[in-house]
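Take a look at the structure set out below.
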Amino acid sequence: MAKLLEKPEEIRVRANASGVPLSLSRDGTREKITAIYEQWKVTDQWWGKEIERHYFRVKTSRGFVLDIYHDIGTSNWYLSRIHD
Amino acid sequence: MPYVELHCHSNFSLLDGASHPEDLVARAEELGMSALAITDHDGLYGAVPFYRSAKKAGIKPIIGAEVTLERGHHLTLLARDSRGYSNLCRLITRAQLEHRKGNPLLSEAALALHSEGLVCLSGCRRGKIPTLLAGGKRDEAIAAAKNYLEIFGDSFFIELQNSLYPGDGCLYRELIELAQALGIRCVATNNVHYARKEGHQLQDVLVCIKNRTTLDRSSNLRRLNAEFYLKSEAEMQELFGQHPEVLENTVRIAEMCDVSLDFSSYRFPDFPVPGGETADSYLARLCWQRARQRYGEISTEVEDQLRYELELIRKLGLSGYFLIVWDLMEYCHKNGIPAQGRGSAANSIVAYVLGITRVDPIRHKLFVGRFINEEMSALPDIDIDVSTNHREQVIQYVYQKYGEEHVAMVCTFVTFQARNAIREVGKVLGMPAHILDQMARAVGSYSAEDIDKDLAGLEQFRRYMSSQSWQHFISLCKEIADFPRHLSIHVGGMVILSCPLSEIVPLERAAMPGRVVCQWDKDSVEDAGLVKVDILGLRMLSLIRDAAELIKKSLGIHIDLDKIPLNDEKVYDMICRADTMGVFQVESRAQMQTLPQTRPRSIEDLTIEVAIIRPGPLQGNMVHPYIRRRQGKEKVTYLLPRLKPILEETLGVILFQEQVLKVAVAVAGFTPGEADSLRRAMSRKRSRRAMEELRERFIRGALRNGVSERAASEIFEKLRGFAEYGFCKSHAAGFALLAYQSAWLKYYYPAEFYCALLNNQPMGFYTPEVIIGDARRHGVEILPVDINQSDELCTVEDGKLRLGFRYVKEMGEAAVARLKRTRSQAPFTSLRDFYLRSELSREAIENLILAGAMDCFGKPKRELLWELGILERQGRHSMMLDLPEEYQVPLPGMTELEEVAAEYKVQGLSARLHPMQVIRNSISRDGVMKSSEVVSLFPGTRVRAAGYVICRQAPRTAKGHVFLTLEDEDGLLNVVLKPAVYQKYRYVARVEPLIVVEGVLQKKEGIANVVAERLIPLKKERERQAAMYPPRARSFA
């Protein structure tokens, strides 16, 4: 089961030079990223408001499996889905 | 780690790939790739242009395809060698021919039979193995892999892709694991669909066009991201770095592959000759026999020429080719099918004596070097014009004679150009349909490349242009320019081969049932060195034959148009008057403007006329000196005395390609082959350096011939200025003959001529309603369509032209057939009789009434329509009663305007009246004149005239000038719009069908033009006059 957030929540992420996320913090808590299960890219709506996102499915040190993404346009990171 | 892309789609993966093959090659070159594969869906459509541009760029071309298997799985195949290439063609052919058009599917059984010489990659995500793995069916995936291993051995590779889709990482690991378990090598590809990342936008648009949807509504159909571009080594390294061997293997596979696409050694089939003869001996024997028939006495000139050509043909190994074409023409002659060879072939005396062409090269002083010569690198091209109505029959003959395996039609690609790009790209972007429609109709340029400049000039679209979506729209339209959109059959090209065609080029189904087409267009076929015969339908040939038959039927006279004298003064008088609507090749607006100046009076003159009035010579500034000399305004001079015999027929001006060759031979001592190379090189705008080299060779040869350097230089420049646009004289001569014949028919048998002209539409320059106007002006009475007299096509009745049912809407073939069947039992006596017996639809009957078809029953149209309504309510099968008294209502008749409007609505033309005749009263104030009145005025007079726009032309050479032809009840009127005027009234000029023009009358050399200052839509003028002046009495029927 996974919970898709209605509105993606902005989070703070520390990433390495290649853009791979190393740790993230949400609700004030910092979690390390212990594994990256999948990554994928989405490019859409280029004819209007362009969306370009790099998604990662990660496991954190707190034991959560999360889908997060890097919004290339704004350079911010967001949480989009929480897996059980 | 060097990388080679082995899975790449060009725009020949129709409505899927978003780059031209040449662009993919260019990008590969930038990336430093040593080789590139193109793997379009189920076809090798772009193989030849890809091959050529890759070779030019020093990149090894790998020929392949992505095939669709029976359950819809994909598989990537690459050809290693010529055997593999043949097998690839065979496999694609089977997949295409064994299934419905547009739905090719390959069976694995077929794969097993034709696997030799092929490298097989397991495919993208839609490959069988990845699909099974993604579905958790590992055992089945293994079985599939083992099956491929068995078919391809160690030429089978597991294909790995990482397009950064969710699940790709997982799939990657599973594929690697499976490959390791079975000992199969892996190779990385990127499923490329565009050369550069930005191409993803156009790719999205193509997917939407293919699925007939818009960008906003298609998120589930489009690709998720923009990763499908040609990636660099570094980018692939990032994705596949942990397994470097998968990248190495791309290079290894590339090294294995070596295929050539030069098939010039595959000759045409051997022609079956009588026992004891060879193709050469048979051809020679035929020629000498026929020469006696053609010429009677064989003069020395004929003999020398014939001997020379036969020897040349023998040396070039072309006897078989000539016999094939001769056989085809014999079939046409024996079956009464009008046909003639066109183009440069008419330069050949062999072609003439064999009856392939109708132009005597001796009489017309032609030059065979233009057609064949010793140095030729490509095969000669023989094109045959055949009566359009019989073309199919001739094609069937070729299939039947040489076998279906050895013959195929050449394909052609319908491409995106300005109009359809606007409509389709705009629709995908969600732009409003009516705006797109206006833009598409208003755009002037043909090519989509100039769209921004073109539309920017138009006021009505200005307000959209600042938006961001406009930018996208414009740049996408430009990008999609020249993209192939779908496949169609080329008008006439047929490929004939000695070996089964499907070994050289894949075949597929055409839209026409039973028809098979090869996947290459005519350029690819030519570049690959294959033999092609073009069998083109020429409607004029059908027209001539139809007219002759009509004359026989209506007058009992048998006319053999090949025997009419070619010097009838009256016919030339008509031509010189520019009374040439419907006459082959000399009916265009440009022609009509020049005929009174050039005044052709012989077939030779007509040949020149056909050749010179084309955009080319008009730009090269050659027509004017010829016309000036013709009119005696300029002295006829020759740069050198030795040029006189070559150029005297064209008054010292170089007009024909054959003359270029002869001049090069006479002045610089070139051989015919060298001269033809010179001509071709000049006509292709070679680089400066190449031109310099040619010039030097020419001058050296001239000096050796005792010609001064100055003269030689001047002549070379003349040749160069001309060469781009010169016309082939033999081609023009063939056409001149047809021009004369059609003019002769128009003069002596106008009713039959116009009837044949109408029945063979669409053809020529003018539409049916304009043709009818011309017929009327020539004294031919037009009878409206009649329920009892008419046929589907137009006919001649007592010297009058009876319109056919074909123009009436809702009267299709089936309806006409039913009507005729019913009529053959007994003629129709009333509307009711017709209604009950014919059982045609209400719309059809209504349209027939409005077209005047039932005027023969003596009742006005309104009454008939009313009666029809009653009949419909009563129904066909109720008890038939006479129309009761109380239902008969006196109705006002239709006014002339209403009648003509109704006629136009239901059949697109009127038998009796021109629309201008009917509207005339409502615009006749304020000095609006008829065309006949205008042309009788003094030059310089200010005039106002009105008419229906039947022609709009903006020739590139005219520097922004636009030409309109207006038609009214009295004839045609020429209007010239100077660039500034055109800019100002552009929308009216482009889109309005009826206009009023104000301007100054200009008269030169017997031609009248109105130089416009203002254009007004006619409806506006009517409103204006109606508001300003009291209404005139209207006529009531």
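So the protein sequences, as listed, match chains A and B. Basically this note's numbering = 1-based index in the first sequence + 152. Basically this note's numbering = 1-based index in the second sequence + 26. All C-beta atoms in this analysis are idealised placements derived from N, C-alpha and C, irrespective of residue type, glycine included.
My assumption, with CB atoms under 8 Å, is that residue i sits in contact with residue j. Please give the rounded CB distance.
| i | j | result |
| --- | --- | --- |
| alanine 537/B | lysine 127/B | 7 Å |
| leucine 62/B | alanine 80/B | 6 Å |
| glutamine 366/B | arginine 384/B | 5 Å |
| histidine 99/B | glycine 149/B | 7 Å |
| phenylalanine 208/A | glutamine 191/A | 5 Å |
| glycine 143/B | asparagine 113/B | 6 Å |
| glutamate 778/B | alanine 573/B | 5 Å |
| valine 597/B | tyrosine 773/B | 5 Å |
| leucine 273/B | methionine 282/B | The Cβ separation is near 16 Å, so there is no contact. |
| alanine 765/B | phenylalanine 610/B | 4 Å |
| leucine 995/B | glutamine 943/B | For the sequence presented, residue 995/B should be read as glutamate rather than leucine. Indeed, because the Cβ distance is near 4 Å, the residues count as touching under 8 Å. |
Measuring CB to CB, does residue i end up less than 7 Å from residue j?
| i | j | result |
| --- | --- | --- |
| serine 550/B | threonine 119/B | no |
| leucine 1044/B | alanine 972/B | yes |
| threonine 620/B | arginine 656/B | no |
| alanine 203/A | leucine 218/A | It is isoleucine, not alanine, that sits at residue 203/A in the sequence shown. The answer is no: Cβ separation not under 7 Å. |
| asparagine 873/B | arginine 565/B | no |
| proline 1081/B | aspartate 68/B | Residue 1081/B lies beyond the residue range present for chain B, which begins at 27 and ends at 1063; the question has no answer from this structure. |
| aspartate 702/B | glycine 395/B | yes |
| leucine 745/B | tyrosine 780/B | no |
| leucine 673/B | isoleucine 741/B | no |
| arginine 1012/B | isoleucine 949/B | no |
| glutamate 400/B | glycine 699/B | yes |
| proline 295/B | serine 524/B | yes |
| leucine 208/B | alanine 171/B | yes |
With respect to the alpha helix (DSSP H) encompassing residue i, which residues constitute its N-terminal and C-terminal limits?
| i | result |
| --- | --- |
| isoleucine 235/B | 225 to 236 |
| isoleucine 421/B | 417 to 428 |
| glycine 195/B | 194 to 208 |
| serine 345/B | 345 to 360 |
| methionine 942/B | 941 to 949 |
| proline 75/B | 73 to 82 |
| histidine 460/B | 459 to 468 |
| leucine 139/B | 134 to 139 |
Indicate whether at least one CB of chain A lies closer than 7 Å to the CB of residue i.
| i | result |
| --- | --- |
| glutamine 263/B | no |
| histidine 269/B | no |
| leucine 354/B | no |
| glutamine 227/B | yes |
| phenylalanine 1062/B | Because the pLDDT at phenylalanine 1062/B is just 42, under 50, the model does not fix this residue reliably, and the point stays unresolved. |
| histidine 7/B | In this structure chain B extends from 27 to 1063, so residue 7/B is not present and cannot be described. |
| histidine 757/B | no |
| alanine 214/B | no |
So is residue i in contact with chain B if we call contact Cβ pairs under 7 Å?
| i | result |
| --- | --- |
| tryptophan 229/A | no |
| glutamate 190/A | yes |
| lysine 193/A | yes |
Considering residue i, what are the terminal residues of the beta strand (DSSP E) in which it resides?
| i | result |
| --- | --- |
| leucine 186/B | 182 to 186 |
| aspartate 586/B | From DSSP, aspartate 586/B is part of no beta strand (DSSP E); its letter is neither H nor E. |
| aspartate 859/B | Per DSSP, aspartate 859/B belongs to no beta strand (DSSP E); it is in the alpha helix (DSSP H), 857 to 864. |
The ligand FMN heavy atoms versus the CB of residue i: any closer than 6 Å?
| i | result |
| --- | --- |
| glutamate 96/B | Here there are no bound small molecules, and the ligand FMN is not part of this structure. |
Determine whether the Cβ of residue i lies closer than 7 Å to any Cβ atom of chain D.
| i | result |
| --- | --- |
| methionine 789/B | Looking at the structure shown, chain D is missing, and the protein chains on hand are A and B. |
Members of the stretch 183 to 198 of chain B near chain A, C-beta cut-off 9 Å: So the list reads Ser189, Leu190, Tyr191, Pro192, Gly193, Asp194, Gly195, Cys196, given in the order they occur along the chain.
Within 7 Å of chain A by C-beta, residues of the stretch 435 to 458 of chain B in sequence order: Listed in sequence order: Leu455.
Near-chain A residues of the stretch 238 to 264 of chain B - C-beta to any C-beta below 9 Å: Listed in chain order, the positions of the stretch 238 to 264 of chain B with a beta carbon within less than 9 Å of a beta carbon of chain A are Leu241, Asp242, Ser245, Arg248, Arg249, Leu250, Asn251, Ala252, Glu253, Glu264.
Members of the stretch 496 to 530 of chain B that neighbour chain A once the beta carbon cut-off is set at 8 Å: Listed by position along the chain: His498.
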